[in-house]
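Working notes for the structure below.
If you want it as structure tokens, here you go:
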């Protein structure tokens, strides 16, 4: 969460556009969100013996919090933007919200007991390396041991996907950041995490999503084992190394 992020989302119009336009029904983002929701709810149901506490870092408008409603015993959202958190509460995200500084010491997770699930959605590509490291340091505080719970991190610009074909044209443009599976794995590893599961949610870029034949091909391709390697949008599930 860079200073730029904080400035952009101090604008209530930008926050409203993010919630009601980017994630409007039947958009590329909302379809991926639906797939992620089904996957995450299944993951929590099978991996936790009792409901965990959710710590959603860079919570934005609370999409990840709403995804796990009813499956966690408490939820805490952390963000630098008061406007984003206000919108999260307005649209029904049931959590306690905590405004954090955009830089400085690593924020402290609210003491809420274990087990926990830490979620980070649409963060890694929107911030610089220093903020990524700070975010993972937060996760390490919330999940001090392998039995403490799990971390779920989103990469919405996999460098091995079709999206990478546009990388040269958009070289140097900050909005086009991308990360490879290896880079995400190394980031997690520096903070004592290992990836235990990886799942892709779309082989398409937003422009291709508009084509009905491409959507059908996407649905078929996602069924093949190993297709997540080339997915545009990927979730990584990680645990602390013992």
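In my numbering, the protein residues as written are 26 to 267. Built from N, CA and C at the ideal position, the CB exists for glycine as well.
Nearest to residue 61 by CA position, among 93, 82 and 79, is which residue?
The residue given as residue 61 occupies position 36 in the chain shown. Comparing Cα positions, the closest option is 93.
Reducing DSSP to helix, strand and coil, say where residue 228 ends up.
Here residue 228 refers to the residue found at position 203 of the chain shown. In this structure, residue 228 counts as coil in the three-state DSSP scheme.
Rounded to whole angstroms, what is the Cα-Cα separation between residue 174 and residue 56?
Position 149 of the chain shown holds residue 174. Position 31 of the chain shown holds residue 56. Between residue 174 and residue 56, the C-alpha separation is close to 27 Å.
Between the segment 84-92 and the segment 129-146, do at least 3 Cβ pairs fall closer than 8 Å?
Between the segment 84-92 and the segment 129-146, the count of C-beta pairs closer than 8 Å reaches three or more; the two stretches touch.
Are there 16 or more other CB atoms within 10 angstroms of the CB of residue 112, so buried, or fewer, so exposed?
Residue numbering aside, residue 112 sits at position 87 when the chain shown is read from its first letter. By the neighbour-count rule (16 or more Cβ atoms within 10 Å), residue 112 is buried.
Same chain, Cβ closer than 8 Å to residue 213, neighbours up to 5 away in sequence not counted:
As a working mapping, residue 213 is identified with position 188 in the chain shown. Excluding residues within five positions, the ones whose Cβ falls inside 8 Å are 161, 176, 178, 219, 220, 261 and 263.
According to DSSP, is residue 103 part of a helix, a strand, or is it coil?
As a position in the chain shown, residue 103 is number 78, starting the count at 1. Reduced to three states, the DSSP call for residue 103 is strand.
Please classify residue 117 as buried or exposed, where buried requires at least 16 other C-beta atoms within 10 Å of its C-beta.
In the chain shown, residue 117 corresponds to position 92, counting from 1. Label assigned to residue 117: exposed.
Cutoff 7 Å; reference residue 217; Cβ partners in own chain excluding five residues on either side:
Position 192 of the chain shown, counted from the first residue, corresponds to residue 217. Cβ-Cβ distances below 7 Å link residue 217 to 165, 265 and 266 in the same chain, with the five nearest sequence neighbours on each side left out; the list follows chain order.
Could you tell me how far apart the beta carbons of residue 140 and residue 73 are, in whole angstroms, since I believe they sit closer than 8 Å?
Position 115 of the chain shown, counted from the start, is the residue given in the question as residue 140. Position 48 of the chain shown, counted from the start, is the residue given in the question as residue 73. The pair is a contact, with the Cβ atoms about 6 Å apart (cut-off 8 Å).
Where does the unbroken alpha helix (DSSP H) through residue 214 begin, and where does it stop?
Residue mapping note: residue 214 aligns to position 189 of the chain shown, counting from 1. Segment 206-215, the alpha helix (DSSP H) holding residue 214.
Pull up the DSSP beta-bridge partners for residue 175, would you.
Your numbering for residue 175 matches position 150 in the chain shown. DSSP output for residue 175 lists 142 as bridge partner(s).
Where are the beta strand (DSSP E) runs, 3 residues long or more, that stay fully inside the segment 41-126, in chain order?
Those beta strand (DSSP E) runs which fall completely within the segment 41-126 and span 3+ residues are 78-82, 99-104 and 121-124.
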